[in-house]
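> Quick one: the structure is below, and I'll ask about it shortly.
Protein chains: 2
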Amino acid sequence: MEDKYISLAHGNGGRYMRELIAELFARHLSDPSKEDTLDVTLDAAPIGLGEGEPYMTTDGFIVQPLEFPGGDIGSLAVNGTVNDLAVSGATPKYLSLNAFIEEGLEIATLDRIIASLAAAARAADVQVVAGDTKVLPRGEGGGLYLATTGVGLRPAGVDLGMHRIAPGDRIVVSGPIGDHGIAVMLAREDFEISGDVRSDCGHVIELARTAMEFDGLRFMRDPTRAGLAGVSYEIAQHAGVTVRLLETEVPVRDSVKMVCEMLGYDPYYLACEGRAVAIVAEQQAEALVSTWRELPSGEGAALIGRIEEGAARIVLETEIAGERILDDLEEDPLPRIC
Amino acid sequence: MEDKYISLAHGNGGRYMRELIAELFARHLSDPSKEDTLDVTLDAAPIGLGEGEPYMTTDGFIVQPLEFPGGDIGSLAVNGTVNDLAVSGATPKYLSLNAFIEEGLEIATLDRIIASLAAAARAADVQVVAGDTKVLPRGEGGGLYLATTGVGLRPAGVDLGMHRIAPGDRIVVSGPIGDHGIAVMLAREDFEISGDVRSDCGHVIELARTAMEFDGLRFMRDPTRAGLAGVSYEIAQHAGVTVRLLETEVPVRDSVKMVCEMLGYDPYYLACEGRAVAIVAEQQAEALVSTWRELPSGEGAALIGRIEEGAARIVLETEIAGERILDDLEEDPLPRIC
């Protein structure tokens, strides 16, 4: 493309928009070797679904800054949606992509982000088959917002859900929590601290697939906005149980702990973008942890708590053998994290 | 909901966000009488697809103002995506919805818009099964942006596409052009003219279904951004033909013509949001027009031109028997129309 910056003309349905789509989006996202690759001449794209039950999910992304250690809004937009399908037991297959681009965004930045999005889609083995771009006037738009919708297939007969959770079940997490939240926060220039924390941004497809081999698997979720506490709160409310988390067992990196202590954040509420939480029958919990630890995406897996009969709440058993109630999130400590 | 305005806390994944989703979005969009209705407790929703080839499409919406005569960003977000499926020959079935809401938006406004969106979804017989909301800081976000992704089913054996277009084929439009563009423009306060033009915002499902009963149907499209000229330009380019439009035959309302003349707009480039353009074999063109005219959504249908061998361009035959070449859209006369 000849232009260096996005202009309103890139959103008008004419020549500039077609150039942007062909020379930037399609260049990264079309793979002529695949039959079901992005075809920008179509109003709607055929999605060849095979055996299984189709599932659909969607997510919007407004993270600031657009790029951060370990990821960017592009890889996040793929993994966020892919992971919602994966924890539902579905194999992600197809994505649609909406880009709301602010006038004035450097085209080189957009190019890096869409290249990263395309790489994340290849890693997750999903095809971006439909897309749309809109250009927002300068000052309105934060550079770039993305939305992705995913369609995947779940094998027949899978029964996962909060209705299957019962007292005695164990809680397993696939790795350290809080990395994404802290990495994005440190990438903001308004905090004058730096650190070597990288986002865990990645897909959880293998984690979900291996977990589904356990017949004692009840439920999975990816702890994004509102973090591990958010997932635990939803479980407590919907399953009508007490969620007991063990502070000594929940993996949190030292660097994340340090930043949290400096700034008064609570890692339990921080977003992860490449972790899975599983609720599993007691007798299979250790085996699930061992299985996950053999995967690159699960090497930090840990058994972190259990489901108990009792009031719908989260009890955190602290290091000093005390108890702390984790409340529902009211004020967000870190907005625009995804 | 107790609050009167959207705050950043409505986007944080905690209590306020859940309230917004349950008490506003789900209230309008969940229909307990349907098995596959929106369930806000799910990470991904099952979409029961029946016989046929699944198709997927997506669109983003940034129209200003959010409400205008004949529609609003909510009805537009349903019809825009539903129509992309319909003109592809697919019956729309499921939608996902992304809302990017600006802090400070009046909740009563959001409520009206989502109610209108729900009504448009019912009219098109589609289920909104997945959704996500993000809140943007005040000053960044234009009130509300929406994105919708649709999944539909196309009967096996349908072959529609620009590859089927050949010289001699006729061009049919389902009704007057330019209504949506002018209605939105007049709703903006920066133009000090008023008029009684209403947007044509609506779905084209019946138009598409009845057109598909003609074996001479080659291709359909909804003339949105860049209007009838935009669709014609794409046909000329991709099919390598001359598109001849007859100015005396293209339906344009007097009120639309008048505003266009006052402000120097060209109706051929203005967006429609409830019209379909069909390319059909010569011998079936009159019959298609008659069939469409029997539908409420097609009562203004007209045969407006033909496909000719020749250079890839659009020739407009004018009232005074002259010819004018319609070029590709470069500068958008009316940005943020959808």
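Protein sequences, first through last, are from chains H and P.
Here the working numbering is used: the first residue of the first sequence is 1, the next is one more, and so on.
Here the working numbering is used: the first residue of the second sequence is 1001, the next is one more, and so on.
Ideal Cβ placement from N, Cα and C applies to all residues, glycine included.
So which of H:Leu117, H:Ala99, H:Asn83 and H:Ala45 has the shortest CA-CA distance to Leu1042 of chain P?
H:Asn83
> Quick check: Tyr265 of chain H and Phe1100 of chain P, are their CB atoms within less than 8 Å of each other?
No; because the gap between Cβ atoms is not below 8 Å, this pair is not in contact.
> How would you label Leu263 of chain H, buried or exposed, when you count the other beta carbons within 10 angstroms and need 16 or more for buried?
exposed
> Below 7 Å CB to CB, which residues in the same chain sit around Ala1123 of chain P once its five sequence neighbours on both sides are set aside?
His1203
> So which residues on chain P does Phe68 of chain H lean against when the C-beta distance must stay under 7 Å?
Those within 7 Å of Phe68 of chain H in chain P number zero; the least Cβ separation is about 17 Å.
> Bridge partners for Ile1314 of chain P per DSSP, in chain order?
Answer by DSSP bridge pairing, in chain order: P:Val1243 and P:Leu1326.
> For Gly131 of chain H versus Phe219 of chain H, is the C-beta spacing smaller than 8 Å?
Not in contact: Gly131 of chain H and Phe219 of chain H (Cβ atoms no closer than 8 Å).
> Can you give me the Cβ contacts of Ala90 of chain H inside the same chain, cut-off strictly under 7 Å, excluding the 5 residues immediately before and after it?
Tyr55, Gly152, Leu153 and Arg154
> In the DSSP output, which residue or residues are listed as bridge partners for Thr148 of chain H?
DSSP lists H:Asp59 and H:Leu97 as partners of Thr148 of chain H.
> State yes or no: is the beta carbon of His28 of chain H nearer than 8 Å to at least one beta carbon in chain P?
No, His28 of chain H lies away from the interface with chain P (no Cβ there is under 8 Å from its Cβ).
> For the alpha helix (DSSP H) containing Asp1084 of chain P, name the first residue and the last one.
Start and end: Ile1073 to Val1087.
> Taking any Cβ of chain H, which residues in the segment 1040 to 1069 of chain P have a Cβ under 9 Å from it, in chain order?
Thr1041, Leu1042, Asp1043, Ala1044, Ala1045, Pro1046, Ile1047, Gly1048, Leu1049, Glu1053, Pro1054, Tyr1055, Met1056, Thr1057, Thr1058, Asp1059, Gly1060, Phe1061 and Ile1062
> Should His1180 of chain P be labelled buried (16 or more other beta-carbon atoms within 10 Å of its own) or exposed?
buried
> At least one CB of chain H closer than 8 Å to the CB of Ser1096 of chain P: is that the case?
yes
> May I have the straight-line CA-CA distance separating Leu29 of chain H from Ala119 of chain H, to the nearest angstrom?
9 Å
> Buried or exposed: where does Ile1205 of chain P fall if 16 or more other Cβ atoms within 10 Å of its Cβ makes it buried?
buried
> Closer than 8 Å by beta-carbon distance: list the chain P residues that pair up with Ser232 of chain H, in chain order.
Contact annotation for Ser232 of chain H against chain P: no contact, minimum CB-CB distance about 13 Å [criterion: below 8 Å].
> For the beta strand (DSSP E) that Met1220 of chain P lies in, which residues bound it at each end?
Per DSSP, Met1220 of chain P belongs to the beta strand (DSSP E) from Leu1217 to Arg1221.
> Using the C-alpha atoms, what's the distance from Gly1060 of chain P back to Arg1164 of chain P?
29 Å
> Give the straight-line distance between the Cα atoms of Ile1307 of chain P and Glu1331 of chain P, rounded to the nearest whole angstrom.
Cα to Cα, Ile1307 of chain P sits roughly 26 Å from Glu1331 of chain P.
> Alpha carbon to alpha carbon, how far is Asp31 of chain H from Thr1224 of chain P? Give it in angstroms, no decimals.
28 Å
> By how many angstroms is the C-alpha of Cys1260 of chain P removed from the C-alpha of Asp327 of chain H?
58 Å
> When you compare only the Cα positions, how much space is there between Pro1267 of chain P and Gly1227 of chain P?
8 Å
> Return the residues of the segment 199 to 231 of chain H that lie within a Cβ-Cβ distance of less than 7 Å from chain P, sorted by chain order.
Arg221, Arg225, Ala226 and Gly230
> Classify Asp1222 of chain P: buried if its beta carbon has 16 or more other beta carbons within 10 angstroms, exposed otherwise.
buried
> Of the residues P:Ala1278, P:Gln1237, P:Ala1187 and P:Tyr1233, which one's Cα is nearest the Cα of Gly1216 of chain P?
P:Ala1278
> Hey, is Glu330 of chain H's beta-carbon within less than 8 Å of any beta-carbon in chain P?
Closer than 8 Å: yes.
> Rounded to a whole number of angstroms, what is the C-alpha to C-alpha distance between Tyr1269 of chain P and Ile1073 of chain P?
20 Å
> Look at the Cβ atom of Leu1038 of chain P, then the Cβ atom of Val1126 of chain P, and state whether they are nearer than 8 Å.
no
> So is Gly1168 of chain P buried or exposed if we call it buried at 16+ other beta carbons inside 10 Å?
Label assigned to Gly1168 of chain P: exposed.
> Name the one or two DSSP bridge partners that Glu1308 of chain P has.
Glu1308 of chain P pairs with P:Thr1242.
> Give the residues of chain P in contact with Ser174 of chain H, contact being defined as C-beta atoms less than 9 Å apart.
Here the premise fails: no neighbours, minimum Cβ distance about 16 Å.
> Just the C-alpha distance for Leu1085 of chain P and Tyr1094 of chain P, rounded to the nearest angstrom, thanks.
Straight-line measurement puts the Cα of Tyr1094 of chain P at about 11 Å from the Cα of Leu1085 of chain P.
> Just mark Gln1284 of chain P as buried or exposed, buried being the case when its beta carbon has 16 or more other beta carbons within 10 Å.
Buried, by the Cβ-count rule.
> Tell me, which residues are paired with Gly131 of chain H by DSSP?
H:Leu97
> Starting from Lys134 of chain H, find everything on chain P with Cβ-Cβ shorter than 8 Å and list it in chain order.
Taking a Cβ-Cβ cut-off of 8 Å, the neighbours of Lys134 of chain H in chain P comprise Gly1060, Phe1061, Ile1062 and Tyr1145, given in sequence order.
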